[in-house]
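Q:
Chains as they are written, first to last, in my numbering: chain A, 1 to 162; chain B, 163 to 959.
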């Protein structure tokens, strides 16, 4: 049985997503919604990792991702300061669009990782796991949808008003 | 007549359930004018969302007083203190009477032609250089329907930018969005007469006694009459409303959603749910039940800081009601998780099947008197006629009505909210901003930031207003606007009652009605339709109203059965008003068919936590098809909780005698004298701990700024500081306004507020920030410059 690979797939993707959401929130702290929701959704992604941890043991996944959901470190503080500097510059929009796009792709990676895990959980009839998968998968889909909404709003301004 | 500054609600006229609210005509004429000498001109009050019917007294070409209209369905003759006295601002000697243009750094008088040529020229330059997305327009909740509709067509179909919003974003955006989320479209379902018929009132974050004094008079007359309705009040402060309550829950700021989830937990756990109604007329019950199952009273008590027994008691009153009216306002809309919380208020009435019949209503209350019209005309974050920007058929319909290519109308994303517009101005992609009849330099959060954005050289700022304000001082061009009473038009209150207001007097000097200013601008920009004819076809308010009517035909806010003649005399008509319903419609959803059909609805809805927008396919999959949507969300802690450095929770609000930034009420002698100066409010325990007594000068500081004001000690929650948001800088003596040659910005409450907004309605959150409090000087020293006066209303939220 290779279920560990599916669990690890989600753990890695959600951990990566959490880190990126924090980084993007700090880098674009002058975009107040991106800052606050970035942090809220990063905590949610970190919570997903926590909720999967018992299953990492059950299916003997190796080392789980570390450092997820910790308060912003020195790197984030530097990014936050940087945001204040570039916040008044016309390139801030271009950087924002790029970062949102990359974060959206990470959210999509996490989303499909949940789909894969869900299929595996169904096949092995693990109802505990299915409960977690169902709840978390929907939240990750919503995270991607928020990024999609934000990108649709931002793109015209960045690309057509310059 | 009694001094209605002190006697705010006037004499009681008690009445019982189902009876007619007695008539009481309130009138005020200036000294020396006899009633026989005045001509009465029909109008309605523009100083809160109740929109009371009133007549304006005219003598010798000047306004000399007002009286309530006895036959009006909204107020039965009554007026509040702002209505009785506020009109005097129009006669104020410091009205703007000529355009001003900035020359060598100073605003100097100019002709209309000079000023408008400059505005048009700058617009054309920006449009040529960067296109329509570099143009922004920010208006108000104070204009008339005809002004708004002209502006909406001009901006959406003419200039072609999505950047058009109103200060209603600060005030009722959450009402608008909560109604769309639950019922499929905007429009408050109920009627003021539901107050007459109800047996229970549930109100959260809504200090009715101070924000809508005449509505509160109606409620008081029920509370003091036979079969008194029961009253549940949620408010951190012990307001006049709270003092009348059967159950008062003074919850911690920022925890509305937890409390509302807790109340629904109790409704479901005790079987106080009309399952047949819920099954037949709603979707989403299972998800809602799953969420609120996690909010038993004990957990909620811990989050909200009120006893579990009181939560149970409140739920019992609501759960055993037979005719329930629920209301909410800024305590919900301007607080954390605003739309999510407002939707739960809708849910409570739906779970109890308390909608669409006499005495059963939910009011997502408005603040401003004409806010409803910004929403109907699309001069804010909506598309005209409550159309759905994501629905191509709706956009095509508008394009046909306006005779433009559908691609002309920006519909790739929702209309841009003001905080985002300011962000675009901050980063430099918006270069032209026209501010109409509002004062963001006092009313928006984090004023230091707002001033620095508006003061940028690269941003061209036009301001139209009736007075110089803190915002006009940052403008490149200032245009003098006519006020209420000086122009004709219509507006709609919070129970969909439409009133006509006739021109009573001429505007002072060269001031012009806003609609005329917009028409002039459209002509100068040569805005045309797809056949080369002028885009905007009307010249008078009545012609505009007729065009607007046609645009609303078949939509929820259907005005097609109305006309100026129909509105003359009488007492207001509620939309929808059509050939089939020529007398208007008292209640929406009397048949429990909601506006949620996918092809008809105004919005496909959002995720309440993130604001992620649902798209057509999501809505079609949910298939509410005429059923109301029970939306749900989990409580999250506010973004800026008190901490060691800033240990107090800061909340801002209103007081009964003032309106917004006091541009009008600060110029009405009675109102100005009743609440002349800024204050901050502390709880007795906090004051004692900090060695502060009534009248001491205190400094309140947040990470964004500081203010200094005399303290008032009131019985609010410990750990909470309240400040009224009305006070800015225009009326400060020069020595108080400046120090060392520079301006001192230490009075306006919004110096301290946080830049953060609700993810769905995008309403700025000005009720949850962290601050510190220190004593600066003792009372005697603090009040040397002026008496600290007791005010009858205390403060409002």
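All C-beta atoms in this analysis are idealised placements derived from N, C-alpha and C, irrespective of residue type, glycine included.
Treat the numbers as computed from the prediction; the structure is a model and nothing was measured.
Give every residue of the same chain whose Cβ lies closer than 7 Å to the Cβ of residue 233(B), excluding the five residues on either side of it in the sequence, and list them in chain order.
A: 732 and 733
Q: Given residue 526(B), which residues of its chain have a CB within under 7 Å of its CB, disregarding the five upstream and five downstream residues?
A: 337, 340, 341, 350, 490 and 504
Q: Among the residues of its own chain, which have a CB less than 8 Å from the CB of residue 151(A), if the five just before and after it don't count?
A: 97, 100, 101 and 104
Q: Return the chain-ordered list of same chain residues with a C-beta closer than 6 Å to the C-beta of residue 936(B), the five sequence neighbours on each side being excluded.
A: 861
Q: For chain A, check one thing: does any of its Cβ atoms lie closer than 8 Å to the Cβ of residue 165(B)?
A: no
Q: With 8 Å set as the bound, which would you pick, yes or no: does the beta-carbon of residue 119(A) sit closer than that to a beta-carbon of chain B?
A: no
Q: Using only the alpha-carbon positions, how far apart do residue 178(B) and residue 374(B) sit?
A: 21 Å
Q: If I'm right that residue 262(B) touches residue 269(B) with Cβ under 8 Å, what's the distance once you round it to whole angstroms?
A: The C-beta distance from residue 262(B) to residue 269(B) rounds to 4 Å, short enough to fall under 8 Å.
Q: Among all the DSSP beta bridges, which residues are the ones paired with residue 221(B)?
A: 224(B)
Q: I need the boundaries of the beta strand (DSSP E) containing residue 47(A), first residue and last residue.
A: Note, residue 47(A): premise wrong, no beta strand (DSSP E); alpha helix (DSSP H) at 32-58.
Q: Do you know how far the Cα of residue 56(A) is from the Cα of residue 791(B)?
A: Each residue's Cα considered, the two are about 38 Å apart.
Q: When the Cα atoms are used, what is the spatial distance from residue 988(B) to residue 487(B)?
A: Only positions 163 to 959 of chain B appear in the structure, and residue 988(B) is not among them; the question remains open.
Q: Quick check on the burial criterion: 16 or more other C-beta atoms within 10 angstroms. Buried or exposed for residue 333(B)?
A: buried
Q: Look at the Cβ atom of residue 924(B), then the Cβ atom of residue 579(B), and state whether they are nearer than 8 Å.
A: yes
Q: Does the CB of residue 730(B) have a neighbour CB from chain A at under 8 Å?
A: no
Q: Taking DSSP's pairing of strands, which residues face residue 937(B) in a bridge?
A: In the DSSP assignment, residue 937(B) forms a beta bridge with 860(B).
Q: Which residues does DSSP list as the beta-bridge partners of residue 640(B)?
A: 262(B) and 625(B)
Q: Interface residues of chain A around residue 591(B) at Cβ under 9 Å?
A: By Cβ distance, chain A contributes 90, 93, 157, 158, 161 and 162.
Q: Excluding five sequence neighbours on each side, which residues of the same chain lie with their C-beta closer than 7 Å to the C-beta of residue 319(B)?
A: Excluding sequence positions up to five before and after residue 319(B), its CB lies within less than 7 Å of the CB of 564, 566, 570, 571 and 697, all in the same chain and listed in chain order.
Q: From the DSSP output, read off the bridge partner residues of residue 906(B).
A: Answer by DSSP bridge pairing: none, since residue 906(B) is not bridged.
Q: Which residue spans inside the stretch 314-347 of chain B form an unbroken alpha helix (DSSP H) run of at least 4?
A: List check, alpha helix (DSSP H) in window: 335-345.
Q: What three-state label does DSSP hand residue 719(B) in the structure shown?
A: Residue 719(B) falls in the coil class under three-state DSSP.
Q: Where does residue 892(B) sit, in a helix, a strand or coil, going by DSSP?
A: Secondary structure of residue 892(B) (DSSP, three-state): coil.
Q: Using the rule of at least 16 other Cβ atoms within 10 Å of the residue's Cβ for burial, across every protein chain shown, is residue 659(B) buried or exposed?
A: Per the 10 Å Cβ criterion, buried.
Q: Can you name the start and end residues of the alpha helix (DSSP H) that residue 511(B) belongs to?
A: 500-513
Q: Candidates 210(B), 220(B) and 240(B): which alpha carbon is nearest residue 184(B)'s?
A: 240(B)
Q: Check whether the stretch 516-532 of chain B touches the stretch 288-297 of chain B, taking contact to mean three or more Cβ pairs, one atom from each stretch, closer than 8 Å.
A: no
Q: Given the structure, does residue 335(B) come close to the ligand SAM, in the sense that its CB is under 7 Å from one of the ligand's heavy atoms?
A: Of ligands this structure carries none, so the ligand SAM is not represented either.
Q: Cβ atoms of residue 457(B) and residue 706(B): under 8 Å apart, would you say?
A: no
Q: Following the continuous beta strand (DSSP E) through residue 883(B), name the residue where it begins and the one where it ends.
A: Residue 883(B) -> beta strand (DSSP E) spans 882-886.
Q: With DSSP as the reference, label residue 111(A) as helix, strand or coil.
A: helix
Q: Could you tell me whether the Cβ of residue 62(A) comes closer than 8 Å to any Cβ of chain B?
A: no
Q: Using the Cβ count rule (16 or more neighbours within 10 Å means buried), how would you classify residue 131(A)?
A: exposed
Q: Using only the alpha-carbon positions, how far apart do residue 618(B) and residue 595(B) sit?
A: If you take the alpha carbons of residue 618(B) and residue 595(B), they lie about 11 Å apart.
Q: Flag this pair as yes or no: are the beta carbons of residue 136(A) and residue 43(A) separated by less than 8 Å?
A: For residue 136(A) and residue 43(A), no; Cβs fall outside 8 Å.
Q: Who are the neighbours of residue 919(B) on chain A, taking C-beta pairs under 8 Å?
A: The answer, in chain order, is 32 and 33.
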